[in-house]
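Following: one structure in structure tokens, then a few remarks.
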Amino acid sequence: MKKLLLLSMMILISSLSFAQKLSADKIMGNWESIDGDVKLKFEIFQQNGKYFGKLLWASNMFEADGKTPKKDFKNPDVKLRNRSRQNIINITNLTFDDGEYSGGKLYNPTDGNSYSLKAKLTDINNLQFRGYMGVSLLGKTMKFRRIR
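Using the working numbering, the letters of the sequence shown correspond one by one to residues 555 to 702.
Pasting the structure below:
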């Protein structure tokens with residue numbers, strides 16, 4: 555009887571962690587901004603249990619000719635200032651816990667700053683980011699929709 559109870563508890567714990575993993579991965583995919591002055595598109599992917607984002611396109615990503623990607627000239631790392639802004643990994647180390655993503659960083663190539671980042675899926679196709687320095691209350695919320 556004790557073995558059966560122990561086995562049942564182990565199965566329950568395993569299934570709960572599997573269900574949490576499924577819900578955590580729902581953030582993965584391509585997203586586009588639906589508010590703000592700068593429009594952008596990015597891809598969220600998972601690596602080693604954390605979530606990262608690659609900047610695919612932004613309305614301020616190109617030079618005046620509309621074709622040449624701008625360089626990351628405000629990057630605090632001098633070695634990275636000559637790289638293109640396109641396809642940089644600018645979202646790093648988001649972790650999932652209790653229905654929210656936190657602990658991440660958002661690098662903004664426009665100003666060269668990195669911000670603390672929290673994220674939340676409001677439904678399967680809508681995502682909110684909260685970027686901030688220091689206190690979340692003083693940050694900015696950005697809204698995105700899934701690209702199908």
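Just so it is clear, CB atoms sit at the ideal spot from N, CA and C, and this is done for glycine as well.
Because the structure is a prediction, the values reported are computed rather than measured.
Nearest-angstrom Cα separation, counted from residue j out to residue i
| i | j | result |
| --- | --- | --- |
| residue 620 | residue 614 | 9 Å |
| residue 694 | residue 673 | 12 Å |
| residue 687 | residue 658 | 12 Å |
| residue 630 | residue 671 | 19 Å |
| residue 678 | residue 690 | 24 Å |
| residue 554 | residue 586 | The chain is shown from 555 up to 702; residue 554 falls before or after that span and cannot be answered. |
| residue 599 | residue 618 | 31 Å |
| residue 696 | residue 612 | 14 Å |
8 Å contact criterion, which residue i and residue j should meet: CB distance rounded
| i | j | result |
| --- | --- | --- |
| residue 669 | residue 685 | 4 Å |
| residue 641 | residue 604 | With a Cβ gap of about 19 Å, residue 641 and residue 604 do not count as contacting. |
| residue 628 | residue 665 | 6 Å |
Residue i, buried or exposed, once every other Cβ within 10 Å from all chains shown has been counted against 16
| i | result |
| --- | --- |
| residue 626 | buried |
| residue 644 | buried |
| residue 581 | buried |
| residue 648 | buried |
| residue 692 | exposed |
| residue 702 | exposed |
| residue 639 | buried |
Residues that residue i bridges to, as DSSP identifies them
| i | result |
| --- | --- |
| residue 612 | 594 |
| residue 623 | 616 |
| residue 584 | 597 |
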